[in-house]
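Here the structure is laid out as structure tokens; the discussion comes afterwards.
Chains as they are written, first to last, in UniProt numbering: chain C, 1 to 142; chain A, 1 to 855.
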């Protein structure tokens with residue numbers, strides 16, 4: 001793809017999403033856990049009267065989840081996914097970068113099937129590798 | 001014929017939508033190919049307009065839309081090819097339809113004959129016959145004196161003729177009113193407007209114009225004459241009086257003999273317009289005519305705009321969010337108010353504006369109950385015909401407003417109840433006669449607001465429910481045991497008709513009586529937090545009372561907690577709260593095969609722990625010595641839920657469950673609590689199924705006799721309203737004694753003699769200040785708002801005027817100290833380390849009334 005991507009760390013990996021999906025990033029969020037809900041649903045957040053469902057993407061993407069991981073920062077997405085406002089926790093916010101098609105590659109064949117499905121592209125940037133998440137696919141599948 | 005302005009408005013708005021749909025549909029044919037769906041949609045729209053217009057008696061609209069519908073029907077069935085000319089004709093008709101709707105009040109006066117005729121030609125001949133028609137028309141209506149008249153004019157003459165004879169048939173008389181203005185009277189314009197208004201109040205203006213009278217060429221000024229041709233049912237003398245005119249100015253024109261003159265007057269306008277000099281005057285005349293019409297148009301069309309319901313819902317959310325923020329702001333600034341000059345009025349303004357704004361926004365979703373009512377007369381009429389019963393229908397309170405979604409949900413239960421009343425409740429006229437009743441039965445439907453709820457009564461004066469029959473049926477179906485059936489009270493027995501599968505009618509009719517019914521009615525109404533009550537008297541009639549919340553979204557709920565998690569439980573299903581203290585009452589809570597049961601008044605009630613049901617780790621060590629059990633009743637099954645803590649009651653705005661969590665059955669929605677955090681709303685049905693509570697038919701708990709209502713239980717928990725009067729003392733009053741609390745501003749208080757009064761919704765209420773009767777500090781205070789506490793069962797129309805409402809608190813047990821004594825006081829107690837004086841409202845009121853009555 002071409003354009004700006006917002007990058008962040010998630011379960012030890014550097015991930016990125018097309019910046020048009022990002023609505024806002026909240027720190028120190030106070031959310032309500034939903035006992036009985038699926039394990040990748042962390043809880044619900046009151047964002048100015050809107051109920052936002054918060055997800056743990058590390059579980060969906062099979063990334064390493066750090067045990068001491070404190071769920072404090074979350075990325076809220078624009079628009080509705082399956083009718084819900086959604087967001088997910090990130091470890092740390094990185095930067096916004098411009099990418100061009102020559103920086104992108106399709107995910108290598110040996111990446112886990114499930115995970116590979118949700119990663120649309122891989123970007124090599126300053127010797128680092130950024131997993132570009134396919135937001136639509138992820139939130140339509142879960 | 002319906003004649004309700006609001007309903008007409010609704011019709012106009014709706015019909016205009018249809019007109020737009022027809023237009024865009026027709027236009028799409030010019031670009032694209034024939035599309036069956038589009039033609040179907042257009043057909044339905046035309047049909048809809050026709051149907052509804054018929055209810056209101058708008059004949060012209062019916063006529064035109066009917067003609068359109070016929071043509072469209074033929075196109076739909078492919079008997080007619082959709083050629084451009086036909087689209088053209090339909091579009092023209094559609095334009096006229098829009099005109100009719102825009103000027104709905106005078107729609108009956110418009111001439112649509114040519115359009116209808118054109119459509120009919122298309123319908124019959126299959127092609128546009130405007131040309132042929134023109135020739136035909138010239139033939140048919142050939143008038144020898146004016147042979148050069150065009151077809152269009154002929155048409156108009158025809159229509160005029162028809163109109164005049166119609167007027168004659170209706171008993172209208174036609175008058176000519178001619179008023180000559182004084183040489184230089186300036187107010188011609190105003191005069192004509194006023195006159196046209198007063199004529200329209202008694203009849204219809206057929207034509208009016210102003211003409212110049214040049215008596216003599218040499219006269220410098222010309223005289224002006226205003227001419228009105230109008231029709232009314234009034235006799236000449238009355239008409240003269242009604243419009244306040246001079247008797248000699250008015251002349252009656254006989255329809256039969258003076259039609260030539262009428263014709264002439266009607267066609268006058270065109271001739272006159274030939275004079276350029278009079279352009280201005282003609283305009284003023286036109287204005288006069290348009291005036292009333294313009295007003296009607298404004299009234300009907302311009303007051304509404306269409307708003308997306310989603311946007312409204314969004315506004316509702318935002319406004320409740322704003323209320324929360326306001327509360328936080330007020331709480332935070334409370335301590336600093338005195339330190340910041342000028343902030344108090346600002347805060348108060350924010351406070352008031354926010355409250356008002358929220359109320360208004362809530363009202364945008366409200367609709368009058370007449371939407372529900374207007375299909376009833378038809379239903380009753382058809383059913384009573386079918387059943388051979390005669391009855392009158394009375395409906396009251398159609399202006400009562402409630403939430404749109406509740407209204408929509410009410411349609412089915414409502415029709416069901418009315419069918420029931422007609423089918424089972426009301427006897428045949430012969431039977432009624434034999435019983436000495438009026439053979440014409442009566443169904444009354446009354447809606448009203450009461451205490452933040454809407455109450456709808458559906459009353460019939462029919463046979464009532466035969467409790468004996470119900471008892472037998474209930475026994476037969478095994479709904480109650482033999483023993484039980486003997487002791488159940490009559491009203492409880494009558495309520496059994498709400499049980500699933502119940503019907504006392506031996507024969508199934510196609511109207512009702514299949515045994516699926518009242519239970520569905522009940523569950524539908526309970527779905528949105530309402531309840532159904534039943535009162536019946538054998539031989540006298542039955543009343544179903546529906547108690548409904550004003551809005552769907554706000555549900556009174558109990559806030560409870562398990563571990564760190566808070567939940568909300570709607571109170572509709574909550575029966576009572578049982579507290580069991582460890583070490584006391586041992587044996588009430590027992591384990592049977594690893595499951596807990598509670599002995600509640602001799603019955604065993606299955607108990608689940610909320611933590612287990614929703615999959616939380618239960619921390620037994622942290623559990624308190626008190627076990628709190630919420631007794632839940634769904635339909636006729638009772639069970640208990642153990643929770644760790646109960647935080648209190650809150651009125652909640654329930655939002656739908658996020659789709660990603662839909663599969664979790666124990667929740668019915670989410671809500672935002674007063675502190676801004678989110679809590680899950682528990683679904684009792686879901687809990688029952690998750691808790692694997694299987695209720696067999698025999699196991700159904702069925703003791704009704706001594707159920708204690710929730711209200712009384714909450715009373716046991718001692719809910720106190722804390723408030724302050726002018727002094728620093730804090731007073732407490734039992735919530736159970738209070739009907740409502742109103743916020744008022746001091747200027748609403750009126751002084752009569754040395755007493756103060758307040759107009760509460762049309763009732764005059766005398767205001768009492770506690771400091772007048774109790775030995776407490778009394779100070780002058782000049783707050784901008786005060787509160788009136790209205791006690792329950794207030795026959796004396798007395799209200800308590802207080803300065804601030806502090807809080808409502810729930811105390812487990814009330815220790816009444818008798819240290820502080822005085823007349824009007826029950827005693828004192830300590831809440832949150834403060835002394836609270838408990839007011840004896842009855843004594844205070846007695847003191848105030850004994851003051852009034854000298855004996």
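Glycine is no exception: its CB is placed at the ideal position from the N, C-alpha and C atoms.
Please classify residue i: does DSSP put it in a helix, a strand, or coil?
i	result
residue 668(A)	strand
residue 659(A)	helix
residue 108(C)	coil
residue 579(A)	strand
residue 32(C)	strand
residue 514(A)	With a pLDDT of only 39 at residue 514(A), under 50, the local geometry of the prediction cannot be trusted, and the value read off the model is given with reservation. It is coil, neither helix nor strand.
residue 100(C)	coil
residue 66(A)	helix
residue 305(A)	coil
residue 498(A)	helix
residue 601(A)	coil
residue 746(A)	helix
residue 441(A)	strand
residue 424(A)	helix
residue 696(A)	With a pLDDT of 46 at residue 696(A), under the threshold of 50, the predicted position of this residue should be treated as unreliable, and no value is reported.
residue 48(A)	helix
residue 807(A)	strand
residue 414(A)	helix
With a 10 Å radius around its C-beta and 16 neighbouring C-beta atoms as the bar for buried, classify residue i as buried or exposed.
i	result
residue 746(A)	exposed
residue 564(A)	exposed
residue 382(A)	exposed
residue 842(A)	exposed
residue 460(A)	buried
residue 232(A)	buried
residue 473(A)	buried
residue 125(A)	exposed
residue 173(A)	buried
residue 463(A)	buried
residue 728(A)	exposed
residue 332(A)	exposed
residue 118(A)	buried
For residue i, return the contacting residues in chain C, with the cut-off set at a CB-CB distance below 9 Å.
i	result
residue 570(A)	By Cβ distance, chain C contributes nothing, its closest Cβ being about 18 Å from residue 570(A), past 9 Å.
residue 677(A)	30, 31, 32, 46
residue 666(A)	35, 36
Taking DSSP's pairing of strands, which residues face residue i in a bridge?
i	result
residue 46(C)	51(C)
residue 766(A)	757(A), 798(A)
residue 679(A)	671(A)
residue 86(C)	53(C)
residue 8(C)	15(C), 93(C)
residue 74(C)	26(C), 89(C)
Short check: CB of residue i to CB of residue j, under 8 Å?
i	j	result
residue 121(C)	residue 14(C)	no
residue 799(A)	residue 808(A)	no
residue 682(A)	residue 666(A)	yes
residue 91(C)	residue 53(C)	no
residue 112(A)	residue 72(A)	no
residue 547(A)	residue 526(A)	no
Residue i versus chain C: which residues are under 7 Å apart at the beta carbon?
i	result
residue 670(A)	44, 51
residue 565(A)	33, 35
residue 655(A)	51
For residue i, go through chain D and note every residue whose CB falls closer than 8 Å to its CB, in chain order.
i	result
residue 615(A)	Of the protein chains in this structure, namely C and A, none is chain D.
Residues of chain A with CB closer than 7 Å to the CB of residue i, please, in chain order.
i	result
residue 155(C)	Residue 155(C) cannot be examined here, being either before or after the span of chain C that is shown, 1 to 142.
residue 123(C)	Correct list: empty, because the minimum Cβ distance to chain A is about 28 Å.
Name the chain A residues that come within less than 9 Å of residue i, Cβ to Cβ?
i	result
residue 130(C)	Here the premise fails: no neighbours, minimum Cβ distance about 26 Å.
Along chain C, which residues have their Cβ under 8 Å away from the Cβ of residue i?
i	result
residue 321(A)	48, 49
residue 318(A)	48, 49
residue 400(A)	Near residue 400(A) there are no residues of chain C at all, since even the closest Cβ is about 29 Å away, more than 8 Å.
I want to check one thing, is the minimum distance from the CB of residue i to the heavy atoms of the ligand NAD below 7 Å?
i	result
residue 525(A)	You won't find the ligand NAD in this model; it holds no ligand whatsoever.
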